[in-house]
Every structure is written in C-alpha cells, then in structure tokens.
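Residue numbers (mature numbering (1 follows the signal peptide of the UniProt record, and there is no 0)): -19 to -1, 1 to 289.
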C-alpha cells in the first residue's frame, strides 16, 4: 500500500440525492427517505468515527458498512460517490479510516513519514486493524438507533486497505456479518509490506512485534476464523487483473484456502472474480460501473429480504 503515489484522478459518477443533513436525531438515522426517487444523505459521527450515511426510500436489508482505501477513493464521501449502491435496499454507512479525512494528522506528510519509519506499527496497525476494532462500537450505535436488530448481521465492503480491514474484521468475528465484498484488497500486513517493498524499492525490517501483527492480520492464515460462522459470511473477492499495486496472487490464495470451508451448501457463498483490465484504482466509467454491478448484485443476493 502506498500513500504518496496513490494520488490519481478518479472519474466519479454520482446519483442524485436529497438535501444532506448532519447529526440527525438518533431515531431518524435510518428512517427511510421520504422521496421515492432519491436517497437521504447524512453526514455525522458514530462514536467518534466520521461517517456518511445513505438512506434509501425502501429498506429491506441490514446496513452495509463500507471502508475506503489509502488512495482514491481515500475518504468516506469519495467512496459514497463512487459506490452509492442505490439499487441495494439497505442503509449504506461509509466510514472514515483512522488517520484519514477529519482524523488525518494536521501536519502534511506525517502519514508518509510514519509509513517510511514503520509501515506495520505506524500505519497498518492503527489504520487497518484500528478500523476493524472500531466496528463493534459503530454497529452498537446503529443497533441502538434502530438500524438493525440484535444478532442481525451486517454487510461489509472494503477497497484496498479498507478491504484488508474487512478481512481482519471477518477473522476477529466481533460483529455478525451476512455478506462482504473486498475489492483489490491486501490480505494482511505481509501482503501490504510486499506491495510497499515493490513500490519503494527497499526492504522492510521485520521485528518480533511486526511478525506477530502479520500473523494476526493474515486472512489466508486465518481462513478457518473467517468461515467459522454457520453459515459462513457470503464473501466476494474482486481483484483487478492489472492491479500493479496489490498482486492478485493473494486473492487466489485466499480463495483457495477458504474453499474447503465453504464446501457443500455453502459453496455458492464464496466467489473469486478476477476482472480483466481492472487496475488498482477505479479510474474509468467502465471500471466504476463494473465494481458497482459486482458489489450490488452480491449484496442483493445475500442480504435483501422481500418480507420487510
């Protein structure tokens, strides 16, 4: 994962929305939008985590929590513009990663400096693993506000570093998850270090502490933890064939080790999609449309309910 070179212009196609509101009454957070044509958009904080919440007019699925990456989209608002997922009848909750957006260090260049000093403890642990550790409190707030019932699973989406946060959250199993989609995701600290070494042309100095973080965040090594629920979370792994930043071998390896855990009736709940010509960042209307279609169809298949 790179911070400095991930500054690429992204063409964003945005759906119309109702006038934005900020910090709504607790009981109104997930109330359906009054308009049948456009969702209601809320900018707020959930237990200190910056969030944009997109509420459709019809809700028949639990909320979907989405995380951006280190590069475009690199904040919650940009991810919402990129993936509004308005065809999915669920509340979408776009969360800001720690140390990004409103929580970014005031001094420019601090993140790049922390990355250069120690990618593992300076960036990956507080940002990627930190985001996953914030999730239970966020979900608890959503539950108290009537957005989901106790014991009900949520949806998760993550791009790049956000995808690594999704995989780590699935392995930690602190929150029930019905369905998840990861896009061009690192499979853990080791994969992120490999990407950093390729980009920076320098070796990372491993320590006992960082090796422990690597083992704990390794989605491939924790496949049994990810798939432990009954049924296991429906997981779609999407990776671009032309992703020059995060090698697709990790996606293949993750799918391979997860597959035995999804045998039998759960086989349809695991899918690997390698998208031809898709780079790391979504830059063209075609790339964006493809990502929207894949993610939207997966969440519709495994989360939408007709009885609500």
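All C-beta atoms in this analysis are idealised placements derived from N, C-alpha and C, irrespective of residue type, glycine included.
| task | With a threshold of 16 other CB atoms inside 10 Å of the CB of residue 187, please say whether the residue is buried or exposed. | result | Taking the chain shown and counting its residues from 1, the one referred to as residue 187 is at position 206. The residue in question, residue 187, is exposed, as its Cβ has fewer than 16 Cβ neighbours within 10 Å.
| Where does residue 279 sit, in a helix, a strand or coil, going by DSSP? | Position 298 of the chain shown, counted from the start, is the residue given in the question as residue 279. Helix, per DSSP.
| request: Can you give me the Cβ contacts of residue 240 inside the same chain, cut-off strictly under 7 Å, excluding the 5 residues immediately before and after it? | output: In the chain shown, counting from the first residue as 1, residue 240 sits at position 259. 251, listed in sequence order.
| Simplified DSSP state of residue 94, which is helix, strand or coil | Position 113 of the chain shown holds residue 94. Of the three classes helix, strand and coil, the one that applies to residue 94 here is helix, per DSSP.
| Residue nearest to residue 228 in terms of C-alpha spacing, selected from 172, 214, 107 | Mapped onto the chain shown, residue 228 falls at position 247. The candidate whose alpha carbon is nearest that of residue 228 is 172.
| query | Whose C-beta lies closer than 6 Å to the C-beta of residue 147 among residues of the same chain, with five residues either side of it excluded? | reply | In the chain shown, counting from the first residue as 1, residue 147 sits at position 166. For residue 147, where only same-chain residues beyond five positions count, the Cβ hits under 6 Å are 137, 139, 161, 163.
| request: Verify whether the separation of the beta carbon atoms of residue 40 and residue 13 is less than 8 Å. | output: Walking along the chain shown from the start, residue 40 turns up at place 59. Walking along the chain shown from the start, residue 13 turns up at place 32. Taking 8 Å as the Cβ cut-off, residue 40 and residue 13 qualify as a contacting pair.
| message | So, at 7 Å on beta carbons, what are the nonlocal neighbours of residue 43 in its own chain, with the 5 sequence-adjacent residues on each side left out? | response | Start at 1 with the first residue of the chain shown, and residue 43 comes out as number 62. Cβ neighbours of residue 43 beyond the five flanking positions: 71, 129, 133, 134, 135, 136, 159, 284.
| said: Quick check: what's the CA-CA separation for residue 89 versus residue 95? | reply: Numbered from 1 along the chain shown, position 108 holds the residue referred to as residue 89. Numbered from 1 along the chain shown, position 114 holds the residue referred to as residue 95. Each residue's alpha carbon lies about 12 Å from the other.
| query | Just to confirm, are residue 243 and residue 278 a CB contact at a threshold of 8 Å? | reply | Locating residue 243 in the chain shown gives position 262, counting from the first residue. Locating residue 278 in the chain shown gives position 297, counting from the first residue. For residue 243 and residue 278, no; Cβs fall outside 8 Å.
| said: Suppose you measure from the CA of residue 246 to the CA of residue 282; what does that come to, to the nearest Å? | reply: The count along the chain shown starts at 1 and reaches residue 246 at position 265. The count along the chain shown starts at 1 and reaches residue 282 at position 301. Straight-line Cα distance between these residues: approximately 15 Å.
| query | Cβ atoms of residue 108 and residue 79: under 8 Å apart, would you say? | reply | Translated into positions along the chain shown, residue 79 becomes position 98. Translated into positions along the chain shown, residue 108 becomes position 127. Yes.
| task | Hey, could you find the ends of the beta strand (DSSP E) residue 75 is sitting in? | result | Mapped onto the chain shown, residue 75 falls at position 94. Residues 71 to 76.
| said: Which same chain residues end up closer than 7 Å to residue 82 when comparing Cβ atoms and leaving out the 5 residues on each side of it in sequence? | reply: Residue 82 sits at position 101 when you count from the first residue of the chain shown. 31, 56, 57, listed in sequence order.
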